[in-house]
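Asker: Before we start, here is the structure in question, set down as structure tokens.
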Amino acid sequence: MSVVRSIVTGSGSYLPEKILTNDDLAKMVDTSDEWIVQRTGIKQRHIAADGEVTSDLATAAAKRALEAAGCEASDVDTIILATATPDNTFPASAVTVQANLGITHGYAFDVHAVCSGFVYALTTADAYIRSGMSKRCLVIGAETFSRILDWDDRTTCVLFGDGAGAVVLEASEAEGLNTDRGILTSHLRSDGRHKEKLFVDGGPSATQTVGHLRMEGREVFKHAVGMITDVIEDAFAATGYNAEDLTWFIPHQANKRIIDASAKKLKIAPEKVVTTVQWHGNTSAASIPLALDMAVRDGRVKKNDLVMLEAMGGGFTWGSVLLRW
């Protein structure tokens, strides 16, 4: 039976020019390169320039994805931007990206699921494509987390960075088999009882301020591995695949220890894990598409590879997407 699949036809990414190293941070707060690397695996992160906003990063990544896909901006009918750091309270930063690209048709909106945002956005785009509401969608994850950090809090300011990644997702006729190219299965979860473990202490309704990121690091770590493995095991159950079948595992780049522990629990071989947290830090919704684009451009991810994406973020939210490249 013929079905509609959502296939990725191109990817792109963008990182701000400014790099903030661990040694730079050691001059700002009581920390050290050794302390940060040992606990997180992070060596550096990129920081948006003054006046450089989330939609700028998103637009740059989108242009590179469109170029890789071999299509024009006018070919896109949908833009879904995952971000927790929009330019403004409203409108959605996605419509600014739409205007930046010169698109005057279709529709654009933001998805807010923090670090799980790209997985949520990709799943949403897939649903729109399979329903016939979209034919070609730009799915973007973009963040300027440097704008919501408390730079006096060494437990959080060392973790995050800025960046953007994007993919072009297109409708394609397929046979409805697990050997099809495209998104094979997606699994999303949330549990609002854990809000206080990872949140921003501001907002237009609550405090009329932007606020700063606050996190209970040990609590987040404790829940992360179990939640991540939950949605990945669901993906395996839905498709009949297992860890050995994966070509690549591209997790949210939050912490090297979480990535390693999750892969070990799932019995995913270390050589199959794409890791970029050391260079980018935690870029929230941008981390998966950044890592994906790097692995595509350096030749690791190739056509027909089986790729598992997963993330967990504030809320808590978490999810997985299994796709064939």
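Residue numbering for the sequence shown follows the working numbering, beginning at 4 and increasing consecutively.
The beta-carbon is built from N, C-alpha and C at its ideal position, and this holds for glycine as well.
Check whether the region 80–88 touches the region 131–148, counting contact only when three or more Cβ pairs, one atom from each stretch, lie closer than 8 Å.
Answerer: Counting Cβ pairs under 8 Å, three or more are found: they touch.
Asker: Could you tell me if T57 is buried or exposed, where buried requires 16 or more neighbouring beta carbons within 10 angstroms of its beta carbon?
Answerer: Counting Cβ neighbours within 10 Å, T57 comes out buried, since at least 16 surround it.
Asker: So I261 and F202 are in contact, right, with Cβ under 8 Å, and what is the actual spacing, rounded?
Answerer: Between F202 and I261 the Cβ distance is about 19 Å, and since that is not below 8 Å, they are no contact.
Asker: Distance, Cα to Cα, N25 vs A294?
Answerer: Approximately 20 Å between the Cα atoms of the pair.
Asker: For G322 versus V234, is the C-beta spacing smaller than 7 Å?
Answerer: Going by C-beta atoms, G322 is nearer than 7 Å to V234.
Asker: Rounding to the nearest angstrom, what Cα-Cα distance links A283 and R48 in this structure?
Answerer: Looking at the sequence itself, residue 283 is His, so the reference to Ala does not match. For H283 and R48, the distance between alpha carbons rounds to 4 Å.
Asker: Which one or two residues does DSSP pair with E146 in a beta bridge?
Answerer: Paired residues: G166.
Asker: If I'm right that Q256 touches K46 with Cβ under 8 Å, what's the distance once you round it to whole angstroms?
Answerer: Incorrect: roughly 12 Å between the Cβ atoms, too far for contact.
Asker: For C118, which option in L325, F319, Y110 and L326 has the closest C-alpha, if you only look at C-alpha atoms?
Answerer: When each option's Cα is compared against that of C118, the closest is F319.
Asker: Between which two residues does the beta strand (DSSP E) containing Q47 stretch?
Answerer: Q47 to I50 is the extent of the beta strand (DSSP E) around Q47.
Asker: Taking V277 and F252 to be in contact with their CB atoms under 8 Å, please state how far apart those CB atoms are, rounded to whole angstroms.
Answerer: Confirmed, Cβ separation roughly 7 Å.
Asker: Could you pull out every unbroken alpha helix (DSSP H) segment of at least 4 residues lying fully inside the region 68–126, listed in chain order?
Answerer: Here the runs fully enclosed are 96–103.
Asker: First and last residue of the beta strand (DSSP E) that includes K21?
Answerer: K21 -> beta strand (DSSP E) spans K21 to T24.
Asker: Taking all protein chains shown into account, decide if P273 is buried (16 or more other Cβ within 10 angstroms of its Cβ) or exposed.
Answerer: With fewer than 16 Cβ atoms within 10 Å of its Cβ, P273 is classed as exposed.
Asker: Looking at the structure shown, is F202 part of a helix, part of a strand, or coil, going by DSSP?
Answerer: Three-state result, F202: strand.
Asker: Measuring straight from C-alpha to C-alpha, what distance separates K21 and L162?
Answerer: So the alpha carbons of these two residues sit roughly 16 Å apart.
Asker: Pop quiz: I291 and V122 are said to be a contact at Cβ under 8 Å. What is the actual Cβ separation, rounded to whole angstroms?
Answerer: That belief holds up - the Cβ atoms of I291 and V122 are roughly 7 Å apart, short of 8 Å.
Asker: Tell me the rounded alpha-carbon separation between A63 and N258.
Answerer: Distance between the alpha carbons of A63 and N258 is about 26 Å.
Asker: Apply the 10 Å Cβ neighbour rule to R196 and answer buried if 16 or more other Cβ atoms are within range, or exposed otherwise.
Answerer: Burial call: exposed.
Asker: For chain B, check one thing: does any of its Cβ atoms lie closer than 7 Å to the Cβ of A288?
Answerer: Any reference to chain B falls outside this structure, which holds one protein chain only.
Asker: Give me the residue from S14, V7, P254 and V6 with the minimum Cα distance to K305.
Answerer: Answer by Cα proximity: S14.
Asker: Excluding five sequence neighbours on each side, which residues of the same chain lie with their C-beta closer than 6 Å to the C-beta of T92?
Answerer: Closer than 6 Å at the Cβ level, and outside the excluded window around T92, lie P207.
Asker: So V171 packs on R139, CB below 8 Å; how close in whole Å?
Answerer: The Cβ separation is near 7 Å, so the contact holds.
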